[in-house]
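Numbered by the numbering used here, the letters in the sequence shown go through residues 1 to 73 in order.
For reference, the structure discussed in these notes is given below.
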Amino acid sequence: MRYAILIERGPRNFSAYVPDLPGCVATGDTLDEVKELMRQAIELHMAGLKEDGLVVDEPTSLCEYVEVELATN
Numbered sequence: 001m002r003y004a005i006l007i008e009r010g011p012r013n014f015s016a017y018v019p020d021l022p023g024c025v026a027t028g029d030t031l032d033e034v035k036e037l038m039r040q041a042i043e044l045h046m047a048g049l050k051e052d053g054l055v056v057d058e059p060t061s062l063c064e065y066v067e068v069e070l071a072t073n
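Laid out in structure tokens, this is it:
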């Protein structure tokens, strides 16, 4: 499965979460580290869902960018 993740840059590190898996989060010192930790967190989260007998739904979130123009005075 392929999940969308949202990564935010903080003053000292990066944090990430998965919109399709509430509570599935990770933080890392670098972008590469947070992406790897997020992959591991998703795998662990999905294993926990299966262990609890819950269905692992297909991801539905999408990532897009929108172009905006800044107003000039």
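Positions of the beta carbon are idealized from the N, C-alpha and C atoms, including for glycine.
Within the DSSP secondary-structure output, THR27 pairs in a beta bridge with SER15.
DSSP places ILE7 in the uninterrupted beta strand (DSSP E) bounded by 6–9.
Secondary structure of ALA71 (DSSP, three-state): coil. Put simply, of CYS24, GLY48, ARG2, GLU67 the residue whose alpha carbon is nearest the alpha carbon of MET38 is CYS24.
DSSP places GLY53 in the coil class of the three-state scheme, outside both helix and strand.
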